[in-house]
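Reading the sequence shown from the start, the letters are residues 532 to 702 in the numbering used here. A short write-up of the structure that comes next.
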Amino acid sequence: VGDVDTVNGSVTIGAGASVRDVSTVNGSVKIEDKAVAEGAVETVNGSVTVGAEAEVQKGIDAVNGSLTLRKDARVAGGLENVNGAMLLEGAQVDGGIETVNGDIRLATGSRLTGGIHVNEHKPSWWKGKDSRNPRITIEQGVTVEGPLHFEREVDLYVATGVNLPPVEGVQ
């Protein structure tokens, strides 16, 4: 199908299906196993889950919501959110990861190109106060290409044997 969007409600792309852009304002997005989103995936208030061997060709963007990529999922164009955890379970992301307050866990077998950027700049509507540092976890068997750029303090956990890329900004 073509573009899939809604304002209030979740979106599920069935196993093996193919779509272009996917977006919702108040709702989650689930892309089931082996499905393909040829465009971008966006949500404002909701999580995004990308199933095993599924593909998103132009990136995932969420404001308030977690991003989960299952084994062998692939995302080009990167991941971006303001608030919400990001989990790569043996997935591949090209284009980097960017967040303000989200925790990031790169589980065994994950591959990330484009690095990680933790931004201190809040959107103009942001009124909240940071309660804790984002937690960045890089497990054994993970490949990260590109710098780790931190504009604010983070709690960084790196498994033994991981070749850490350059760290820029706050040390």
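Glycine included, C-beta positions come from ideal geometry on N, C-alpha and C. Please read these numbers as outputs of a predicted model, since none were measured by experiment.
Coarse secondary structure for residue i, derived from DSSP in three states
{"i": "L610", "result": "strand"}
{"i": "R642", "result": "strand"}
{"i": "D534", "result": "coil"}
{"i": "S549", "result": "strand"}
{"i": "L619", "result": "strand"}
{"i": "T691", "result": "coil"}
{"i": "D592", "result": "strand"}
{"i": "S554", "result": "strand"}
{"i": "A568", "result": "strand"}
{"i": "V631", "result": "coil"}
Span separating the alpha-carbon of residue i from that of residue j
{"i": "D625", "j": "S641", "result": "11 Å"}
{"i": "N539", "j": "G558", "result": "6 Å"}
{"i": "Q579", "j": "S597", "result": "Note on identity: in this sequence residue 579 is Val, with Gln being the wrong assignment. Whole-angstrom Cα-Cα distance: 6 Å."}
{"i": "V542", "j": "A593", "result": "14 Å"}
{"i": "E684", "j": "V532", "result": "43 Å"}
{"i": "V693", "j": "T639", "result": "11 Å"}
{"i": "A548", "j": "E611", "result": "24 Å"}
{"i": "R584", "j": "I562", "result": "For the sequence presented, residue 584 should be read as Glu rather than Arg. Their Cα atoms are separated by approximately 10 Å."}
{"i": "L679", "j": "T668", "result": "12 Å"}
{"i": "V613", "j": "G672", "result": "27 Å"}
{"i": "I628", "j": "R551", "result": "22 Å"}
{"i": "A546", "j": "I647", "result": "30 Å"}
{"i": "E682", "j": "G700", "result": "6 Å"}
{"i": "E586", "j": "G570", "result": "10 Å"}
{"i": "L687", "j": "R601", "result": "22 Å"}
{"i": "K589", "j": "A607", "result": "5 Å"}
Contact belief for residue i with residue j at Cβ below 8 Å, rounded distance in angstroms
{"i": "V575", "j": "V556", "result": "5 Å"}
{"i": "A604", "j": "A616", "result": "No, A604 and A616 are not in contact; Cβ-Cβ is about 16 Å, not under 8 Å."}
{"i": "V649", "j": "T630", "result": "6 Å"}
{"i": "V560", "j": "G577", "result": "7 Å"}
Buried versus exposed call for residue i [16 or more other C-beta atoms within 10 Å across all chains shown]
{"i": "E651", "result": "exposed"}
{"i": "T691", "result": "exposed"}
{"i": "R663", "result": "exposed"}
{"i": "V572", "result": "buried"}
{"i": "P665", "result": "buried"}
{"i": "L695", "result": "exposed"}
{"i": "G609", "result": "buried"}
{"i": "E676", "result": "exposed"}
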